[in-house]
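Protein chains: 2
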Amino acid sequence: MIQRIKTKQIRVGGVLIGGDAPISVQSMTYSKTRDVAATVEQIKRLHFAGCDIVRVAVPEMEDALALRAIKEQISLPLVADIHFNYRLALEAAKVVDCIRINPGNIGEKSRVKDIVKACQERHIPIRIGVNAGSLEKIFDTRYGQSAEGMVASAEYNIKFLEDLGFSDIKISLKASDVERTVAAYRLLRPKNSYPFHLGVTEAGTKFHATIKSAIGLGTLLLEGIGDTMRVSITGELEEEITVARAILKDSGASSEGLNIISCPTCGRIEADLVSAVSDIEARTKHITAPLNVSVMGCVVNAIGEAAHADVAIAYGKGSGLVMVKGDVVAKLSEHELVERFISEVERMAKES
Amino acid sequence: MIQRIKTKQIRVGGVLIGGDAPISVQSMTYSKTRDVAATVEQIKRLHFAGCDIVRVAVPEMEDALALRAIKEQISLPLVADIHFNYRLALEAAKVVDCIRINPGNIGEKSRVKDIVKACQERHIPIRIGVNAGSLEKIFDTRYGQSAEGMVASAEYNIKFLEDLGFSDIKISLKASDVERTVAAYRLLRPKNSYPFHLGVTEAGTKFHATIKSAIGLGTLLLEGIGDTMRVSITGELEEEITVARAILKDSGASSEGLNIISCPTCGRIEADLVSAVSDIEARTKHITAPLNVSVMGCVVNAIGEAAHADVAIAYGKGSGLVMVKGDVVAKLSEHELVERFISEVERMAKES
Chain A
534 MIQRIKTKQI RVGGVLIGGD APISVQSMTY SKTRDVAATV EQIKRLHFAG
584 CDIVRVAVPE MEDALALRAI KEQISLPLVA DIHFNYRLAL EAAKVVDCIR
634 INPGNIGEKS RVKDIVKACQ ERHIPIRIGV NAGSLEKIFD TRYGQSAEGM
684 VASAEYNIKF LEDLGFSDIK ISLKASDVER TVAAYRLLRP KNSYPFHLGV
734 TEAGTKFHAT IKSAIGLGTL LLEGIGDTMR VSITGELEEE ITVARAILKD
784 SGASSEGLNI ISCPTCGRIE ADLVSAVSDI EARTKHITAP LNVSVMGCVV
834 NAIGEAAHAD VAIAYGKGSG LVMVKGDVVA KLSEHELVER FISEVERMAK
884 ES
Chain B
534 MIQRIKTKQI RVGGVLIGGD APISVQSMTY SKTRDVAATV EQIKRLHFAG
584 CDIVRVAVPE MEDALALRAI KEQISLPLVA DIHFNYRLAL EAAKVVDCIR
634 INPGNIGEKS RVKDIVKACQ ERHIPIRIGV NAGSLEKIFD TRYGQSAEGM
684 VASAEYNIKF LEDLGFSDIK ISLKASDVER TVAAYRLLRP KNSYPFHLGV
734 TEAGTKFHAT IKSAIGLGTL LLEGIGDTMR VSITGELEEE ITVARAILKD
784 SGASSEGLNI ISCPTCGRIE ADLVSAVSDI EARTKHITAP LNVSVMGCVV
834 NAIGEAAHAD VAIAYGKGSG LVMVKGDVVA KLSEHELVER FISEVERMAK
884 ES
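Rendered as C-alpha cells:
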C-alpha cells in the first residue's frame with residue numbers, strides 16, 4: 534500500500550476527507566439541478582454505483598432554490614458548484630454540505646467574504662476549485678494558464694480564506710491535460726496541508742477520459758497525493774465511479790476487492806485463458822475483500838506470481854494447478870480449475 | 534511536449550529505438566507460432582492497427598523453425614520471445630530482428646554467451662526482459678520479487694553482455710503491479726543509457742489492463758522514461774495498440790492526432806454536447822495532425838480553453854461560437870456548429 538502524505542481532515546456531510554480517511558470518490562450530475570426529480574434520480578444512481586459525495590451545478594437562482602428538495606430525498610453529501618454569482622453560493626450554503634467556488638470568476642473579494650461567512654455559520658467546508666481555463670485575470674496575465682498560475686491562484690485564495698479565520702478548505706487544481714494537472718498538484722502539495730480533490734478536467738469521452746485520468750490521478754496517487762477524487766467523463770455517471778475505483782485499486786491506493794493478475798496470452802498458451810479470466814472476473818465482482826489472485830497460461834511466470842497470490846491457477850496442457858498462498862492445493866483437469874479457484878476465493882473472502 | 538531522457542539508439546529491423554526516435558509501440562501474437570498462417574494473419578492485423586514491432590513466443594523448436602516462413606510474409610520487425618531453452622534462441626537468431634531473453638530462466642551463463650555470439654554475428658539486439666515473477670534464484674532470495682531484485686538482475690545481465698563486448702541492448706523490468714514496475718524503471722534509469730521497453734505485465738483484461746498500463750507507463754512517460762512500449766491485455770490484439778497510442782497521446786509523449794478537450798457535462802449545459810463530441814470524435818479519427826480542439830458546453834471554461842485550442846466550439850443557449858486560435862470565426866445556431874468546426878479542423882490538418 535502507498536504511503537499517503539498526511540493532510541488536515543475535513544468533513545463533507547458524513548464523509549471525512551484527508552487525514553487517515555479513505556480516499557473518497559465524487560461525481561457530478563448532468564441534469565438541470567432545478568429538475569429535482571431528474572437530479573435525485575441521477576444522485577441515487579451514483580450512490581448505488583459507489584459514489585461517496587455528489588456535486589450539482591448551480592448556474593441560476595432556480596437551481597439554488599431546488600437544493601433543499603434534493604437534499605431531503607438523498608443521503609449522499611451534497612456539494613454546490615458555483616461560478617460567477619456569489620448570491621447563488623449564499624443561497625446554496627443554507628442547505629448543502631460543501632460549496633465549491635472557482636475563485637477566478639466570483640469577482641470582488643468582498644463577495645467571497647460573504648460566502649465564507651455563510652459557510653462558517655453552518656460549519657461547512659469550501660472547495661477552492663482552481664481551473665486552468667478560468668484563472669483570475671492577474672494570474673492568467675502573469676503566468677498564463679500554467680501550473681504556476683494555478684498554484685498562485687490557489688495560494689492567494691487560501692490566504693484570503695485563512696485571513697478570515699476560515700480553514701475548512703479543500704483544494705483542486707484542474708487542467709485539461711495531464712502534465713499541467715500533475716505539475717500543479719505537485720507544486721502546491723508541500724506548501725500546505727489541506728486535503729486535495731484530484732481531477733483532470735474536461736478529459737473527454739470514455740476512452741480518453743479513462744486514460745487521461747488514470748495517468749494523471751494515478752501518478753499523483755503513487756506519490757501519496759490525493760484525498761478525494763473525481764474522474765470526469767463526458768456524459769457518463771456510473772462509469773465515472775467505476776473508473777475512479779479502478780484507478781484507486783490499480784494504483785495501489787486502495788486494496789478493496791480482487792486484484793486479478795492474468796497474462797496477455799501468447800503462443801505458449803495451452804488453455805482457453807480468456808474465457809476463464811472473464812468468467813472469474815464476472816463471478817467475483819461482488820467481493821470486496823482485498824485479495825490478490827493470478828490466472829496464468831503457462832509456467833514462465835505462473836509459479837512466481839502464484840507465490841505472492843492468495844489464490845492462483847497455473848494452466849498446463851489439459852490440466853493445471855490451483856494454489857493457495859503459494860502452495861498447490863489441487864491438480865485438476867482444465868474444466869475443473871475455475872470452479873475450485875472460485876470456491877477458494879469465496880472461502881478466503883469470508884475469512885478476511 | 535515531454536523532455537525525454539536521452540538514451541543510446543538501437544535498431545530492430547527498420548525501427549529505431551532510443552535516442553531521438555519516436556517511442557515505438559509493440560505487441561505480441563497469441564497464435565501458436567508454428568501455425569504460420571494464423572501468426573502471419575495476427576501480425577498483419579497488428580500492423581494495420583499501427584503496431585511498430587511484433588513479438589512471437591518460441592516455446593519449442595517447431596516454433597523456432599516456423600520463424601523463417603513468417604518473416605518472409607511480413608514487413609514488421611520480428612522479435613522472438615525465448616524462455617528456458619537457449620537452443621531456441623540460437624535457431625531464432627538466424628532469422629529474427631531481435632531476441633528477447635528472460636535472463637532469470639535461461640540457465641547457465643555459457644548458454645547466454647552462445648546467444649550473444651549468434652546475435653553479434655547478425656547484428657541484432659537483445660532485449661534483457663526481466664520479470665518480477667521469474668527472477669534468477671540468487672536475486673529472488675536476496676531481494677524477493679522487489680524492484681531492487683529486478684534491477685539487480687538487469688544490472689547483472691547487462692554487465693555479462695557488456696563483458697562479452699555486446700552493447701546492442703534494450704531492457705524491460707516488468708512486474709504485475711504498477712508500483713513495482715514504476716519503481717524498477719526509475720531505479721535503473723540513472724544507471725545506464727540503454728533504451729527501455731516499458732510494460733506492466735499480466736495486467737489483466739481490457740478494463741483493468743488499460744488503467745494499470747495508463748498509470749504505470751503514463752507515470753514513467755511523464756518523467757521522460759521509455760523508448761518503446763507494450764500494453765498487455767489478456768486476449769486482445771488491436772486494442773493493445775489503440776491503448777498504447779492513447780497513452781502516448783494523453784501523457785503528452787506524442788503529439789500525433791487530435792486532442793479533444795470536452796467538459797463532462799453538468800447542470801449548466803444547454804446543448805447536446807455528448808452527441809456533438811461523439812460525432813466529432815468519429816469524424817476526425819483519421820487525422821494525424823497534432824491539433825488541440827475543445828468542445829465546451831458552457832461559458833465557465835469555454836473561452837479559456839478556446840484560447841489555447843486550434844479549433845473550438847463554445848456552446849450557449851441554442852447557438853454558439855466556433856473559434857480558431859482563440860478568435861471567434863463564426864456565431865452559428867446549434868445545429869450548424871459541428872459542420873463548421875470540422876471544416877476548420879480539416880483545413881488546419883491540411884495546412885499543418
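Top to bottom, those sequences are chains A and B.
Converting from the first sequence to the working numbering requires adding 533 to each position, the first position being numbered 1.
Converting from the second sequence to the working numbering requires adding 533 to each position, the first position being numbered 1.
Yeah, the Cβ is synthetic: ideal placement off N, Cα and C, and Gly gets one too.
- Residue pairing for Val663/A: DSSP places it in a beta bridge opposite Leu706/A.
- Among the CB atoms of chain B, one or more fall inside 8 Å of the CB of Ala779/A.
- Residues of chain A whose Cβ lies closer than 7 Å to the Cβ of Pro728/B do not exist, since the nearest Cβ in that chain is about 21 Å away.
- With at least 16 other beta carbons inside 10 angstroms of its own, Phe729/B counts as buried.
- Residues Val569 of the same chain have their beta carbon placed closer than 7 Å to that of Ala602/A, with the five preceding and five following residues left out of the count.
- The three-state reading of DSSP puts Asp647/B in helix, counting H, G and I together.
- Across the region 781-802 of chain B, CB contacts with chain A closer than 7 Å involve Asp783, Ser784, Gly785, Ile793, Ile794, Ser795, Cys796, Pro797, Thr798, Cys799, Gly800, Arg801, Ile802, in sequence order along the chain.
- Sixteen is the threshold: since fewer than 16 other Cβ atoms of the shown chains lie within 10 Å of the Cβ of Pro723/A, the residue is exposed.
- Considering only beta carbons, the part of the region 612-628 of chain B lying closer than 9 Å to chain A consists of Asp614, His616, Phe617, in chain order.
- Contact check for Arg633/A against Ile615/A passes: the beta carbons are separated by less than 8 Å.
- Contact of Ala680/B with chain A is not assigned, every C-beta pair being separated by 8 Å or more.
- Residues of chain B with a Cβ closer than 9 Å to the Cβ of Val810/A are, in chain order, Gly737, Thr738, Thr767, Gly768.
- In terms of beta-carbon proximity, Asp596/B lines the interface with chain A, with at least one pair separated by less than 8 Å.
- Your pair Ala708/A and Thr734/A checks out as a contact, with CB atoms roughly 7 Å apart and the cut at 8 Å.
- Residues of chain B whose Cβ lies closer than 7 Å to the Cβ of Asp710/A are, in chain order, Gly785.
- Straight through space, the alpha carbons of Asp710/B and Thr743/A are spaced by roughly 18 Å.
- Secondary structure in the region 788-873 of chain A: the beta strand (DSSP E) runs of 3 residues or longer, each lying completely within the stretch, are 792-795, 825-829, 844-848, 852-857, 860-866 in chain order.
- Judged by DSSP in its simplified three-state form, Gln575/B adopts helix.
- Taking 8 Å as the cut-off, the Cβ atoms of Ser560/A and Glu877/A do not count as close.
- Residues of the region 695-726 of chain A that bring their beta carbon within less than 7 Å of a beta carbon in chain B comprise Ser709, Asp710, Val711, Glu712, Val715, in sequence order.
- If you look at Ser746/B, you'll find it in the alpha helix (DSSP H) that goes 739-755.
- In the three-state DSSP reduction, Leu721/B falls in the helix class (H, G or I).
- Counting along the chain, Leu549/A sits inside the beta strand (DSSP E) bounded by residues 548-550.
- For Ala747/B and Leu753/A, the gap between their C-alpha atoms comes out near 13 Å.
- The straight-line gap separating the alpha-carbon atoms of Tyr619/B and Asn638/B is approximately 10 Å.
- The C-beta of Gln536/B has fewer than 16 other C-beta atoms within 10 Å across all chains shown, which makes the residue exposed.
- Under the rule that a run must span 4 or more residues, the alpha helix (DSSP H) segments found entirely inside the region 587-611 of chain B read 594-606.
- The C-beta of Gln575/B has 16 or more other C-beta atoms within 10 Å across all chains shown, which makes the residue buried.
- In terms of CA proximity to Arg880/A, Ala822/A leads the group Ala822/A, Gly851/A, Ser787/A, Tyr848/A.
- If you draw a straight line from the Cα of Ser852/B to the Cα of Val810/B, it comes to about 16 Å.
- Counting along the chain, Val776/A sits inside no beta strand (DSSP E); it lies in the alpha helix (DSSP H) bounded by residues 771-784.
- Tyr676/B does not reach chain A, its nearest Cβ partner there being about 13 Å away, counting only Cβ pairs nearer than 8 Å.
- Counting of Cβ neighbours within 10 angstroms places Val573/A among the buried residues, the total reaching 16 or more.
- Annotated three-state conformation of Thr767/B is coil, per DSSP.
- Where Ile632/B is concerned, the enclosing beta strand (DSSP E) starts and stops at 631-634.
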